[in-house]
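Accompanying notes for the structure given below.
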Amino acid sequence: MLREFIDLWHNTRYLSEAQFNTKWFLIYSDLEKLNISVPKNILRSPFKTVINSILSAKLGYVIGYQITDLVGVAQNLMEHHPEYIKHFLLTLKVTKKNNLLKNDLVKYERWSRRYSEYIRQPDSLKIYKHDLNDFIEFLVPEFEGRLREWGMNIIEVKK
């Protein structure tokens, strides 16, 4: 099912909305059976941005953007949906691709500063959303449940 989703996502721009929805709703119903919650319309923000970012991190090359490298993906995510930047960084880490981002950091002085500031910032000041953790776990099985666990621990602490 993951391979089907990635293939569908890669081909989104070549499909009509009806063609995409037909294929997506089959995957969506299978995800529902697995209790993985995901919005029905994933082609809207923030979902599209998050999925593009996570798949880019997982695969090690840019997916779904007119951006040339992973630093651009990270910058876009920080600008528009910073609550998911840690998910992106963790995806790079668990897929053993975090060197790809670090290698590009030297080319981008401004982003390098922002990234360093973000990393030094205490977790208590960062904003996270965990609504897509189950779906991100589906996209990145390498998490082996740790992303879901992280989200549940954060939610428990806030209670």
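Note that my numbering numbers the sequence shown so that position 32 is 332, with each residue one more than the last.
Just so you know, even glycine gets a beta-carbon here, dropped at the ideal spot from N, CA and C.
Name the two residues that bound the continuous alpha helix (DSSP H) containing residue i.
i: Asn376; result: 370 to 380
i: Thr391; result: 385 to 394
i: Leu425; result: Taken as a continuous stretch (DSSP letters only), Leu425 belongs to no alpha helix (DSSP H), as it is neither H nor E.
i: Asp434; result: 433 to 439
So for residue i, helix, strand or coil by DSSP?
i: Ile351; result: helix
i: Glu417; result: helix
i: Met301; result: coil
i: Glu444; result: coil
i: Lys397; result: coil
i: Lys407; result: coil
Decide if residue i is buried, meaning its Cβ has at least 16 other Cβ atoms within 10 Å, or exposed.
i: Thr391; result: buried
i: Ile455; result: For Ile455, the predicted structure reports a pLDDT of 49, less than 50, and the residue's modelled location is therefore unreliable. The matter cannot be settled from this model.
i: Lys459; result: With a pLDDT of only 48 at Lys459, under 50, the local geometry of the prediction cannot be trusted, and the value read off the model is given with reservation. So Lys459 counts as exposed.
i: Thr312; result: buried
i: Tyr415; result: buried
i: Arg344; result: exposed
i: His380; result: exposed
i: Leu401; result: buried
i: His387; result: buried
i: Leu302; result: exposed
i: Leu425; result: exposed
i: Leu432; result: buried
i: Thr368; result: exposed
i: Tyr384; result: buried
i: Ala318; result: exposed
i: Leu334; result: exposed
i: Ile363; result: buried
i: Asn341; result: exposed
i: Asn352; result: buried
Since residue i contacts residue j with CB under 8 Å, what's their CB separation in whole angstroms?
i: Thr322; j: Ala357; result: That belief does not hold up - the Cβ atoms of Thr322 and Ala357 are roughly 28 Å apart, past 8 Å.
i: Ile419; j: Ile354; result: Not quite, the Cβ-Cβ distance comes to about 19 Å (not below 8 Å), so this is no contact.
i: Leu331; j: Phe438; result: 7 Å
i: Ile336; j: Phe305; result: Not quite, the Cβ-Cβ distance comes to about 11 Å (not below 8 Å), so this is no contact.
i: Val371; j: Trp324; result: Rounded, the Cβ-Cβ distance is 29 Å, inconsistent with contact.
- Item | Every unbroken alpha helix (DSSP H) within the segment 307 to 371, with a cutoff of 4 residues, ordered by chain | The segment 307 to 371 contains these whole alpha helix (DSSP H) runs: 317 to 333, 347 to 359.
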